[in-house]
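Right, one structure below, let's go through it.
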Amino acid sequence: MKDERMTRLAAKLLHHSIRLQPKERILIRGHINTKPLMKELIDEAYRVGAYPYVELEDDEISCHLLRGNVKEQLATSSQWALKRYTDIDALIIINGNESAVDMAAVPIEMHRLQGEMLHAATLFYVNNRRWVLLNYPTSASAEIACMSFDKYEDFLLSVCTMDYGKMESALKPLKQLMESTDKVKIVSPGTDLSFSIKGMPAIICAGKKNLPDGEVFTAPVRESVNGMISFNVPTTYEGTAFSGVKLILEKGKIIKAVSNHMHKMDEIFNMDEGSRFIGEFAIGINPYILKPMGDILFDEKISGSLHLAVGDAYDEADNGNRSSIHWDLVLIQRPEYGGGDIYFDDVLIRRDGLFVLPELLGLNPDSLI
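Numbering-wise (our numbering), the sequence shown opens with residue 403 and increments by one.
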């Protein structure tokens, strides 16, 4: 039986996120189990008068390819990918991962090589094409979120179709404040971190690039980050589940890192020169996402959270850091997670996950729901 929520989600993606126009070419890239949404997107694209193209992905096949990839082979893949992205106007990426275990079994150097070789193609669409990324409900993602599949599917579809226009308006004062701020200070249990965001643009994220959404991001001045930060949200990177991540930084560089997988984390941070520097700082505000889901597209938007990304900076807020990785690490500051403060130029802007400045009160959950 057709699920009308998929129809509504497809409309949200094409009209709010992508703003698709007649005669535009859109690539819909998704795992094979995301076909119900892909079909809705194709049909809606045709109703717009646009030209949809499809690329199907399969994790099992991808793992087999990844284990044997060599540089020359990936160079061809990168050329093909860049040509596809050059030929389109917009891109929708739908993740439908059924298992992260297979990816974890692939040697880290193979992940590094693929990330390095496909980096240019990825940067091209990120910076030159309209695009949106979302995760499709699967049994595996429901299990990771500790929810039944039906409950998880209902939650995902609800949060992905919320009023992102209202959220976008509410985020404008935070954007303005961040762009006039020099010094940021973050204080939480196990955390005392400071850095500058002077001169860096702040980017509103309200359903145009990710669904679900709800953040404003910028980047710290590359060498300005000093102190320590303890992240209280577990994270998975290249199939390995990390917890208890703590970083100590001096002059922007990670000089010490602690987690439950020390060797694996050192491998990641030693991938290249930029993988020990911070490429993003963001504040999460989605009122419907209150706990870790084991999915970074959700977790980085948790109400009362913030996150730093180790590695590559985005062109929209570019501090000059370049890396083959971009690893988001999340800290929740609501009282049930230990609380915490954010200061801009020594002025408290958020305490225990709630904004305290009058111009930012519209970002608190009661105002957004």
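By construction, the Cβ of each residue, glycine as well, lies at the ideal position given by its N, Cα and C atoms.
Residues that DSSP places opposite residue i in a beta bridge
i	result
residue 688	704
residue 658	650
residue 757	752
residue 454	428
Integer Cβ distance of residue i from residue j, believed to fall under 8 Å
i	j	result
residue 644	residue 661	5 Å
residue 418	residue 609	6 Å
residue 604	residue 623	Residue 604 to residue 623, Cβ: 14 Å. No contact.
residue 427	residue 448	Contact flag wrong, Cβ pair sits at about 13 Å.
residue 494	residue 431	7 Å
residue 590	residue 740	6 Å
residue 709	residue 743	Rounded, the Cβ-Cβ distance is 16 Å, inconsistent with contact.
residue 484	residue 523	4 Å
residue 751	residue 733	Going by Cβ atoms, the distance from residue 751 to residue 733 rounds to 15 Å, so no, they are not a contact pair.
Residue i vs residue j beta-carbon contact at 9 Å
i	j	result
residue 628	residue 595	yes
residue 562	residue 508	no
residue 727	residue 664	no
residue 637	residue 685	no
residue 516	residue 476	yes
residue 614	residue 703	yes
residue 788	residue 616	Any answer about residue 788 is impossible in this case: the structure gives the chain only from 403 up to 771.
residue 550	residue 593	no
Host alpha helix (DSSP H) of residue i (start-end)
i	result
residue 440	437-450
residue 463	461-470
residue 670	664-671
residue 411	406-413
Extent of the continuous beta strand (DSSP E) to which residue i belongs
i	result
residue 632	628-632
residue 537	532-537
residue 496	492-497
residue 765	Per DSSP, residue 765 belongs to no beta strand (DSSP E) and is neither H nor E.
Close-in-space but distant-in-sequence residues of the same chain around residue i (CB under 8 Å, 5 per side omitted)
i	result
residue 574	606
residue 659	647, 648, 649, 650, 667, 668 and 671
Contacts around residue i, its chain only, beta-carbon distance under 6 Å, and the 5 residues preceding and following it disregarded
i	result
residue 444	454
residue 433	459 and 498
residue 491	426 and 427
residue 774	Because the chain is modelled from 403 through 771, residue 774 falls outside the range shown and cannot be assessed.
residue 639	729
Chain-order list of residues whose beta-carbon lies under 7 Å from that of residue i (same chain, five-residue window excluded)
i	result
residue 626	597, 598 and 654
residue 555	539
residue 521	726
residue 581	603 and 604
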